[in-house]
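K.L.:
Just dropping this structure here.
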Amino acid sequence: MEITIDGKKLSAKEGETILAVARRAGIDIPSLCHHEALDPVGACRLCVVEVARNGDERKRIVTACQYPAEEGLSVETRSPLVIEQRQTTLSLLAARCPDVELIRDLAERCGGITEYTRFDENEKCILCYLCTRTCAAVGPEAIAAVGRGKLKEIAPPFHSDAEACIGCGACHRICPTGCITMEDTADTRKIWGRELPFVKCEVCNAPIMTQAHLAHTVERLGVDEGDYTTCAACKRKALAERFSAIGVVGGAGE
7 MEITIDGKKL
17 SAKEGETILA
27 VARRAGIDIP
37 SLCHHEALDP
47 VGACRLCVVE
57 VARNGDERKR
67 IVTACQYPAE
77 EGLSVETRSP
87 LVIEQRQTTL
97 SLLAARCPDV
107 ELIRDLAERC
117 GGITEYTRFD
127 ENEKCILCYL
137 CTRTCAAVGP
147 EAIAAVGRGK
157 LKEIAPPFHS
167 DAEACIGCGA
177 CHRICPTGCI
187 TMEDTADTRK
197 IWGRELPFVK
207 CEVCNAPIMT
217 QAHLAHTVER
227 LGVDEGDYTT
237 CAACKRKALA
247 ERFSAIGVVG
257 GAGE
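Numbered by the working numbering, the letters in the sequence shown go through residues 7 to 260 in order.
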């Protein structure tokens with residue numbers, strides 16, 4: 007099928023969203039809550055675009071991460087209404103998280119905003135829900151949005167101990183603003199108030215994953231716990247040595 011984005015005709019695949027088509031074509035549509043591995047929710051409202059269906063003069067604002075491409079669709083990513091809505095969203099985000107560099111950069115680049123009211127000097131969470139959606143996808147569902155209005159935050163349900171957290175670190179890695187802290191030592195990982203011991207590589211003694219993460223993986227996927235006694239680096243080294251011993255050119259890396 008064919009759609010038009012900012013006057014440029016582009017081919018789209020069945021099931022693709024406007025955001026996917028635009029990014030493949032190198033068209034910049036900002037977003038803070040989108041990740042290809044997760045279902046879109048349109049939480050940040052930054053990827054809004056203005057669309058009109060084929061033969062319909064009426065236009066409306068939609069989130070590009072959720073709206074499916076369709077034959078003859080016309081999309082504007084920088085119409086006056088789109089820019090106005092993005093500026094409003096970015097002004098609120100910048101006021102909520104004034105010290106987050108990513109937010110300041112987006113506010114200036116996409117909204118032309120360099121000055122804004124500061125609601126909170128220490129806030130980093132933008133409530134994009136990437137962390138909670140990732141935690142649910144991994145399986146534990148150890149964190150959620152709790153509270154209402156200005157008091158809403160990401161935390162273990164009912165602000166209880168994060169007993170379901172397995173210390174996989176996925177929430178920390180996917181957080182776009184560095185809000186979720188994680189601290190690794192040689193033996194443990196600290197996250198969400200928990201201190202979880204690591205499984206160590208039997209060859210080099212490097213941490214592989216937390217014991218809780220391994221137990222969860224074994225139970226959920228039905229894999230053999232013995233597959234996780236050696237780290238990835240040592241596995242690659244052993245495989246390369248095996249290839250070298252039998253004369254395979256290039257080893258495991260090619």
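Even for Gly, the Cβ is constructed at its ideal location relative to N, Cα and C.
Buried or exposed: where does G259 fall if 16 or more other Cβ atoms within 10 Å of its Cβ makes it buried?
P.N.:
Translated into positions along the sequence shown, residue 259 becomes position 253. Low confidence applies to G259: its pLDDT is 47, below 50, so where it sits in the model is not reliable, and the reading given next is rough at best. G259 is exposed by the Cβ-count criterion.
K.L.:
Under the three-state reduction of DSSP, which class applies to K156: helix, strand or coil?
P.N.:
What you label residue 156 is simply residue 150 of the sequence shown in a count that begins at 1. Residue state, collapsed to three classes: helix.
K.L.:
Alpha carbon to alpha carbon, how far is E215 from F204?
P.N.:
For the purposes of this step, residue 215 is taken as the residue at position 209 of the sequence shown. For the purposes of this step, residue 204 is taken as the residue at position 198 of the sequence shown. The question names Glu, yet the displayed sequence has Met at residue 215. Those two C-alpha atoms are separated by around 6 Å.
K.L.:
Do A148 and A168 have their C-beta atoms within less than 8 Å of each other?
P.N.:
Counted from its first residue, the sequence shown places residue 148 at position 142. Counted from its first residue, the sequence shown places residue 168 at position 162. Yes, these two residues count as a Cβ contact at 8 Å.
K.L.:
To which residues of the same chain is R110 closer than 7 Å at the C-beta, ignoring the five residues directly before and after it?
P.N.:
For the purposes of this step, residue 110 is identified with residue 104 of the sequence shown, where counting begins at 1. So the qualifying residues of the chain are A100.
K.L.:
Out of curiosity, what's the CA-to-CA distance linking P46 and Q72?
P.N.:
As a working mapping, residue 46 is identified with position 40 in the sequence shown. As a working mapping, residue 72 is identified with position 66 in the sequence shown. Straight-line Cα distance between these residues: approximately 6 Å.
K.L.:
Spatial neighbours of N60 within its chain, please: C-beta separation below 6 Å, excluding the five flanking residues on both sides.
P.N.:
Within the sequence shown, numbered from 1, the residue matching residue 60 stands at position 54. Excluding residues within five positions, the ones whose Cβ falls inside 6 Å are G78.
K.L.:
Under the three-state reduction of DSSP, which class applies to E82: helix, strand or coil?
P.N.:
Working through the sequence shown from its first residue, we reach residue 82 at position 76. The answer is strand: DSSP assigns E82 an E or B state.
K.L.:
Tell me the DSSP secondary structure of R51 in three-state form.
P.N.:
What you label residue 51 is simply residue 45 of the sequence shown in a count that begins at 1. Coil.
K.L.:
Report yes or no: do three or more beta-carbon pairs, one from the stretch 121 to 136 and one from the stretch 149 to 165, lie closer than 8 Å?
P.N.:
Yes, they touch.
K.L.:
Identify, in the order they occur along the chain, each residue of the same chain with its Cβ nearer than 7 Å to the Cβ of A218, setting aside the five sequence neighbours on each side.
P.N.:
For this step, residue 218 is matched to residue 212 along the sequence shown. Same-chain partners within the cutoff: I172, G173 and L202.
K.L.:
Give me the Cα-Cα distance between D126 and C116, rounded to the nearest whole angstrom.
P.N.:
By one-based count along the sequence shown, residue 126 stands at place 120. By one-based count along the sequence shown, residue 116 stands at place 110. C-alpha separation (whole angstroms): 22 Å.
K.L.:
Measure the Cβ-Cβ separation of A58 and T23 and say whether it is below 8 Å.
P.N.:
Counting from 1 along the sequence shown, the entry for residue 58 is found at position 52. Counting from 1 along the sequence shown, the entry for residue 23 is found at position 17. Not closer than 8 Å, so no.
K.L.:
Run through DSSP, which three-state label would P163 get?
P.N.:
As a working mapping, residue 163 is identified with position 157 in the sequence shown. Three-state result, P163: helix.
K.L.:
Quick one: measure Cβ to Cβ for T140 and S80, integer angstroms, because I've assumed they're closer than 8 Å.
P.N.:
For the purposes of this step, residue 140 is taken as the residue at position 134 of the sequence shown. For the purposes of this step, residue 80 is taken as the residue at position 74 of the sequence shown. Not a contact, Cβ separation roughly 34 Å.
K.L.:
Please report the distance separating the alpha-carbon of T191 from that of P213.
P.N.:
Taking the first residue of the sequence shown as 1, we reach residue 191 at position 185. Taking the first residue of the sequence shown as 1, we reach residue 213 at position 207. Spanning the two alpha carbons is a distance of roughly 9 Å.
K.L.:
What are the start and end residues of the beta strand (DSSP E) that includes L202?
P.N.:
Mapped onto the sequence shown, residue 202 falls at position 196. Its beta strand (DSSP E) spans residues R200 to K206.
K.L.:
For I197 versus M188, is the C-beta distance shorter than 8 Å?
P.N.:
The residue you call residue 197 lines up with position 191 of the sequence shown. The residue you call residue 188 lines up with position 182 of the sequence shown. Result yes, Cβ atoms of I197 and M188 sit closer than 8 Å.
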